[in-house]
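>
Chains as they are written, first to last, in this note's numbering: chain A, 292 to 589; chain B, 292 to 589.
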């Protein structure tokens with residue numbers, strides 16, 4: 292399997308599903324929905340939904356109906372996108388550029404961007420609980436909702452972002468950076484893997500292994516993000532390069548230098564793949580995704 | 292039954308439940324959780340959770356275990372509180388005062404307030420899906436989540452707030468004001484009633500009646516809000532009086548004058564109570580709540 296064509300195919304599969312699972316920009320709230328759709332459809336690697344689908348495949352292989360997981364995959368992308376829209380706000384990271392395009396508040400204004408984020412977050416839970424979508428049992432849906440809510444909220448992504456913002460321009464121990472990374476980035480990545488696995492009926496042993504896999508690739512993902520922010524250009528990234536240093540954010544390269552940081556990312560990917568030893572070749576996409584997270588250039 | 296003592300008793304019952312259902316401000320994310328708790332515990336009438344409990348009682352009377360509905364009630368208050376925190380932001384209504392206290396961003400800063408709102412919203416869905424809370428069936432929980440997500444998101448409260456902000460200082464038809472009111476305020480109030488009713492096992496006929504009841508008291512609630520904003524003092528309200536006029540917001544009094552507006556609010560309350568004719572005296576709290584919504588002074 293070739294990772295680039297796999298990623299491309301999966302990305303298109305998920306983006307096509309937006310037509311079904313995201314409201315159209317029409318009716319009373321068309322401007323608001325347009326603002327939501329703007330950020331949701333402004334590119335993106337769709338890593339979280341792809342991880343969700345790949346984890347389901349690893350557990351059950353061809354027996355999983357991807358249609359059942361598409362609402363979950365879209366919900367994950369809604370939550371990820373809302374987090375970017377809010378992170379980019381002037382009061383937060385104050386970024387003008389995201390994925391090579393104007394950020395939401397630059398185009399729609401700050402109030403509309405806050406509400407676009409609120410709308411995307413809430414829509415995720417609408418999708419996950421919608422009785423019209425998919426044939427997953429209520430027990431599975433409910434477990435997926437709780438996994439995603441816990442990972443994206445105050446004890447996960449939102450808490451991590453709050454800690455990140457509060458620690459700008461401050462010196463703090465490396466353990467705090469680990470907490471920021473694991474909550475701000477790792478939690479939702481792990482939840483994406485677990486949501487797919489629960490949907491596909493994984494047993495507790497598989498869930499434990501996949502949770503560890505998720506944590507390791509989440510760590511690798513954030514380390515590589517730190518590296519790219521420090522070493523790539525704005526053009527390569529499609530977002531402002533060097534913003535971490537400018538905002539006084541602690542990062543892996545700031546603690547360890549670029550070379551040691553690269554090794555740490557590579558080790559995390561290696562650990563992630565070790566978590567998959569009990570899985571057969573249906574977990575091949577998960578293994579390739581781990582490699583991709585290390586080699587990605589944006 | 293005396294409405295004031297009923298409301299007070301119910302309010303204390305719900306506020307006591309925060310100790311169980313809202314995370315404590317400790318650990319890695321203590322500052323963030325403290326910011327969430329600040330707005331959640333800064334007073335409030337707790338109308339939505341009380342409506343939820345009262346609707347459950349109307350359907351099943353003494354057979355409902357209130358403990359099963361407390362996570363739902365707390366989730367509704369989390370969502371209502373998040374909406375206030377975000378509405379008060381400088382980019383939105385830019386309000387310094389809420390319930391007689393400094394608004395969240397005044398005390399914690401804008402970034403922390405945005406994240407406190409995000410955290411409260413997400414926590415609501417964590418609570419609603421938590422397997423450790425209550426004995427409602429997965430089917431009921433899932434239905435409640437979907438009712439609440441639909442009402443509070445882009446096709447409900449968030450959409451209404453976006454429409455409200457986008458129409459500041461504009462002239463628009465009365466039908467647009469009706470859409471703003473029914474989505475921004477009515478939807479979550481109706482959802483509060485329906486969530487309690489679903490939790491208590493209401494049949495479809497009861498749900499239809501209670502949905503109509505919810506819509507009418509939602510309308511009355513917003514009309515009275517408009518009236519109070521125009522006629523009461525900042526001290527009486529605990530939030531900035533006259534802010535609607537200052538922000539160029541269309542309101543019922545602006546369309547109809549104060550006296551005709553009062554009559555419209557009274558009519559809505561009357562219609563609300565008419566929706567309850569099929570219910571026995573276990574619906575007495577819902578009837579009294581309808582009256583209270585008209586007579587409230589803040």
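Beta carbons: idealized from backbone N, C-alpha and C, even for Gly.
Could you tell me if the beta carbon of residue 297 of chain B falls within a distance shorter than 6 angstroms of some heavy atom in the ligand MG?
Among the components modelled here there is no ligand, and therefore nothing to report on the ligand MG.
> Rounded to whole angstroms, what is the Cα-Cα separation between residue 335 of chain A and residue 390 of chain A?
Approximately 7 angstroms between the Cα atoms of the pair.
> For residue 395 of chain B, collect the residues of the same chain with a Cβ closer than 6 angstroms to its Cβ; drop the 5 residues on either side in sequence, then sort them by chain order.
Here the set comprises 330, 376, 404 and 407.
> If the cut-off is 9 angstroms on Cβ atoms, which residues from the stretch 319-351 of chain B count as contacting chain A, listed in chain order?
Answer in chain order: 319, 320, 322, 323, 324, 326 and 327.
> Keeping to the same chain, check which residues put their C-beta closer than 7 angstroms to that of residue 627 of chain B; ignore five residues upstream and five downstream.
No answer is possible for residue 627 of chain B: the residues shown for chain B start at 292 and end at 589.
> Is the CB of residue 401 of chain B under 7 angstroms away from at least one CB in chain A?
Closer than 7 angstroms to some Cβ of chain A, the Cβ of residue 401 of chain B qualifies, so yes.
> What is the rounded straight-line gap between the Cα of residue 339 of chain A and the Cα of residue 487 of chain A?
Going by the C-alpha atoms only, they are around 10 angstroms apart.
> Could you tell me the boundaries of the alpha helix (DSSP H) in which residue 509 of chain B lies?
Counting along the chain, the alpha helix (DSSP H) containing residue 509 of chain B begins and ends at 495-522.
> Any idea if residue 539 of chain B is buried or exposed, counting beta-carbon neighbours within 10 angstroms, 16 or more meaning buried?
Label assigned to residue 539 of chain B: exposed.
> In the DSSP output, what is residue 392 of chain B paired with across the bridge?
Partner(s): B:389.
> Where does the unbroken alpha helix (DSSP H) through residue 370 of chain A begin, and where does it stop?
Note, residue 370 of chain A: alpha helix (DSSP H), 357-378.
> Sorted by chain position, which residues of the same chain lie with C-beta nearer than 6 angstroms to residue 450 of chain A's C-beta, five sequence neighbours on each side aside?
Hits under 6 angstroms: 474.
> Using 8 angstroms as the threshold, is the stretch 423-430 of chain B in touch with the stretch 316-325 of chain B, meaning 3 or more CB pairs across them?
No contact exists between the stretch 423-430 of chain B and the stretch 316-325 of chain B.
> What's the C-alpha gap between residue 423 of chain A and residue 436 of chain B?
Rounded to whole angstroms, residue 423 of chain A to residue 436 of chain B spans 14 angstroms at the Cα level.
> Closer than 7 angstroms, CB to CB, is residue 441 of chain B near chain A or not?
Yes, its Cβ sits closer than 7 angstroms to a Cβ of chain A.
> From residue 295 of chain A to residue 583 of chain A, what does the alpha carbon distance come to, in whole angstroms?
If I take the Cα positions, the gap works out to 9 angstroms.
> For residue 464 of chain B, count neighbouring C-beta atoms within 10 Å of its own C-beta (all shown protein chains included) and say buried if the count is 16 or more, exposed if not.
Its Cβ having fewer than 16 others within 10 Å, residue 464 of chain B is exposed.
> Could you check whether the Cβ of residue 363 of chain A sits closer than 7 angstroms to any Cβ belonging to chain B?
By this cut-off, residue 363 of chain A is not an interface position.
> For a quick check, are the C-beta atoms of residue 666 of chain B and residue 574 of chain B less than 7 angstroms apart?
The requested residue 666 of chain B is not part of the displayed model; chain B covers only 292 to 589.
> Counting only C-beta atoms, is residue 453 of chain B closer than 7 angstroms to chain E at any point?
The structure shown contains no chain E; its protein chains are A and B.
> Let me know if residue 501 of chain A comes out buried or exposed under the rule of 16 or more other beta-carbons within 10 Å of its beta-carbon.
Buried, since its Cβ has 16 or more Cβ neighbours within 10 Å.
> Determine the chain A residues that contact residue 444 of chain B at a beta-carbon separation under 7 angstroms, and present them in chain order.
Per Cβ cutoff of 7 angstroms: 410, 413, 414 and 417.
> Ends of the alpha helix (DSSP H) at residue 544 of chain A?
Note, residue 544 of chain A: alpha helix (DSSP H), 543-565.
> Measuring only between beta-carbons, confirm whether residue 376 of chain A sits less than 7 angstroms from chain B.
Not an interface residue.
> May I have the straight-line CA-CA distance separating residue 471 of chain A from residue 563 of chain A, to the nearest angstrom?
Computed Cα separation, rounded: 20 angstroms.
> Just checking: is the beta-carbon of residue 461 of chain A within a distance shorter than 7 angstroms of some beta-carbon in chain B?
Not closer than 7 angstroms to any Cβ of chain B, the Cβ of residue 461 of chain A fails to qualify, so no.
> Flag residue 662 of chain B as yes if its beta-carbon sits less than 7 angstroms from any beta-carbon of chain A, otherwise no.
Outside the modelled stretch of chain B, which goes from 292 to 589, sits residue 662 of chain B, for which no answer is possible.
> Please state if the CB of residue 445 of chain B and the CB of residue 318 of chain A are separated by a distance shorter than 7 angstroms.
No, Cβ-Cβ distance for residue 318 of chain A and residue 445 of chain B is not below 7 angstroms.
> Whose C-beta lies closer than 7 angstroms to the C-beta of residue 491 of chain B among residues of the same chain, with five residues either side of it excluded?
If we look at residue 491 of chain B and ignore the five residues flanking it on each side, its Cβ neighbours are 347, 350, 351 and 355.
> Decide if residue 571 of chain B is buried, meaning its Cβ has at least 16 other Cβ atoms within 10 Å, or exposed.
Residue 571 of chain B should be labelled exposed.
> Any beta carbon from chain B within less than 7 angstroms of residue 484 of chain A's own beta carbon?
No, residue 484 of chain A does not count as interfacial toward chain B.
> Please decide whether residue 506 of chain A counts as near chain B, where near means a Cβ-Cβ distance under 7 angstroms.
Chain B contact via Cβ: absent.
> In chain B, what lies closer than 9 angstroms to residue 379 of chain A by C-beta?
In chain order: nothing, as chain B lies at least about 11 angstroms away.
> Just how far apart, CA to CA, sit residue 468 of chain B and residue 416 of chain B?
Spanning the two alpha carbons is a distance of roughly 29 angstroms.
> Determine the direct distance from the alpha carbon of residue 373 of chain A to that of residue 457 of chain B, and round the result to whole angstroms.
Spanning the two alpha carbons is a distance of roughly 20 angstroms.
> What does residue 421 of chain A touch in chain B if you count any residue whose Cβ is under 7 angstroms from its own?
Neighbours of residue 421 of chain A on chain B, chain order: 437.
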